[in-house]
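Participant:
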Amino acid sequence: MASSLTDEHKKLNPKCEVPVLIIDGKRLLQSIPIIEYIDETYQIQPRLLPDDPYQRYQVARLISEIIASGIQPLQNLKVLKRVGEDKKTEWAHDFVKAGLGALEKTLEESAGQYCVGDQISIADCCLVPQLYNARLYDVDLTAYPIMSAIGERLNELPAFKEAHPNRQFDCPDEEKIKS
1 MASSLTDEHK
11 KLNPKCEVPV
21 LIIDGKRLLQ
31 SIPIIEYIDE
41 TYQIQPRLLP
51 DDPYQRYQVA
61 RLISEIIASG
71 IQPLQNLKVL
81 KRVGEDKKTE
91 WAHDFVKAGL
101 GALEKTLEES
111 AGQYCVGDQI
121 SIADCCLVPQ
131 LYNARLYDVD
141 LTAYPIMSAI
151 GERLNELPAF
161 KEAHPNRQFD
171 CPDEEKIKS
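With the first letter of the sequence shown counted as 1, position 91 gets the number 91 in the working numbering; the numbers rise by one all the way through.
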């Protein structure tokens with residue numbers, strides 16, 4: 001978080017948010033648009049955005065949006081600092097829980113082995129960090145069996161293991177959870 005407040009970072013993103021990614025001199029902001037750009041530009045298989053228009057809607061425009069707009073911002077560190085130390089866990093817990101309830105209902109229609117069918121998608125990339133935060137804020141995940149099962153499968157995959165927040169050099173100790 002501190003690195004996003006530097007003057008250098010402010011030049012890259014005036015909102016002082018992460019992520020910022022520079023590819024071929026192009027500045028890319030915000031997680032979902034960055035993932036979509038990489039998926040569409042490099043077309044690495046399997047694709048994170050399905051070819052089928054309805055599945056693409058479910059992935060990019062519904063599930064990812066529920067997470068990116070309805071859950072993640074409300075338990076973002078910048079928001080939680082404003083809420084105050086004494087209320088941040090309760091605040092995050094309540095909003096994460098409400099968002100996960102809506103997401104579980106959506107997954108009832110779309111899920112297979114993963115969020116949308118049996119292929120990993122951008123929705124899965126969005127889900128895993130939210131499950132991490134749910135554990136961080138003591139949300140009981142037994143009420144969300146579909147997403148819990150998907151999360152367990154995803155967390156066994158090498159790419160998700162490597163991306164786990166606990167493995168990141170800049171993850172503060174107070175934000176690390178025990179597996």
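For each residue, glycine too, the CB sits at the ideal point set by N, CA and C.
So which of V18, I38, S121, P46 has the shortest CA-CA distance to S64?
Facilitator: Measuring from the Cα of S64, the nearest candidate turns out to be S121.
Participant: Which same chain residues, not among the five before or five after G117, have their C-beta less than 7 Å away from its C-beta?
Facilitator: Once the five neighbours on either side are set aside, the close Cβ partners of G117 are Q55.
Participant: Which residues does DSSP pair with K26 in a beta bridge?
Facilitator: Answer is I23, bridged to K26.
Participant: On the DSSP bridge assignment, give the partners of G117 in chain order.
Facilitator: Its beta-bridge partners are A111.
Participant: Taking all protein chains shown into account, do 16 or more other C-beta atoms lie within 10 angstroms of the C-beta of I35, making it buried, or fewer, making it exposed?
Facilitator: Classification of I35: buried, given that the 10 Å Cβ count is 16 or more.
Participant: Residues in the same chain with beta-carbon distance under 8 Å from D138, minus the five sequence neighbours each way, listed in chain order, please.
Facilitator: Cβ within range, chain order: T89, H93.
Participant: By the three-class DSSP mapping on this structure, what secondary structure does F169 have?
Facilitator: Residue state, collapsed to three classes: coil.
Participant: Does DSSP put L18 in a helix, in a strand, or in coil?
Facilitator: According to the sequence shown, residue 18 is Val rather than Leu. Coil, per DSSP.
Participant: Helix, strand or coil for N13? Go by DSSP, reduced to three states.
Facilitator: Correct three-state label for N13: coil.
Participant: What residue range does the alpha helix (DSSP H) around T41 cover?
Facilitator: 31–42 is the extent of the alpha helix (DSSP H) around T41.
Participant: Would you call Y42 buried or exposed, if buried means 16 or more other Cβ atoms sit within 10 Å of its Cβ?
Facilitator: By the 10 Å Cβ count, Y42 comes out exposed.
Participant: Which of the three DSSP states is assigned to K88 in this structure?
Facilitator: Three-state result, K88: helix.
Participant: What does a CB cutoff of less than 6 Å around C126 pick up in its chain, not counting 5 residues either side in sequence?
Facilitator: Excluding residues within five positions, the ones whose Cβ falls inside 6 Å are S64, I67.
Participant: How about the region 93–109 and the region 43–50: do they share at least three Cβ pairs that are nearer than 8 Å?
Facilitator: As far as the Cβ criterion goes, the region 93–109 does not touch the region 43–50, which means the pair count is below three.
Participant: For S148, which option in P165, I32, R61, P129 has the closest C-alpha, if you only look at C-alpha atoms?
Facilitator: Out of P165, I32, R61, P129, P129 has the C-alpha closest to the C-alpha of S148.
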